[in-house]
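J.: One structure follows; several queries about it will come next.
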Amino acid sequence: MESNGWWILPQNIMDEQKNKQRTISIDPLFKMVEVFKTNVRRKGEAKMLLLKLVQLFPKHKINFDLNDCDKILRVQGKNIPSEKIIQLLIRDNYQCKILE
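If you count the sequence shown from 1, you need to add 154 to reach the working numbering.
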């Protein structure tokens, strides 16, 4: 199912993924989106983090939505390394968790 260019997983697949390691691998043509809740508040902070994330994960589309109340970090691509992303933000003294 596709909506506005973003892929949406059926609920049963999302529920199965919650019980597995958060590195997700699906059909090569199928792009995943992982959404994280953060405490990144300033554009400068977001830009600095984006530079790091894009260097580490160049094949992924990554952006922040700082206007959202959850200060969203959105990552799109194949094989999203969720735990590594969370660890990177935590190492830089930010909060980050998968938005449920």
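Ideal Cβ positions, reconstructed from N, Cα and C, are used throughout, including at glycine.
1) Where does the unbroken alpha helix (DSSP H) through K191 begin, and where does it stop?
2) With respect to the alpha helix (DSSP H) encompassing Q230, which residues constitute its N-terminal and C-terminal limits?
3) How should P235 be labelled, buried or exposed, when 16 other C-beta atoms within 10 angstroms of its C-beta is the threshold for buried?
4) Nearest CA to the CA of K206: which residue from Q249, N233, E254, R245?
5) Are the Cβ atoms of L204 and N217 separated by less than 9 Å?
6) Can you tell me whether E188 is buried or exposed, with buried defined as 16 or more other CB within 10 angstroms of its CB?
7) By how many angstroms is the C-alpha of K225 removed from the C-alpha of R195?
8) Would you check if the distance between the CB atom of L253 and the CB atom of F211 is smaller than 9 Å?
9) DSSP on K197, reduced to helix/strand/coil?
T.: Short version:
1) Taken as a continuous stretch (DSSP letters only), K191 belongs to no alpha helix (DSSP H), being part of the beta strand (DSSP E) at 186 to 192.
2) Premise fails: Q230 lies in the beta strand (DSSP E), 226 to 231, not in any alpha helix (DSSP H).
3) buried
4) R245
5) yes
6) buried
7) 7 Å
8) no
9) helix
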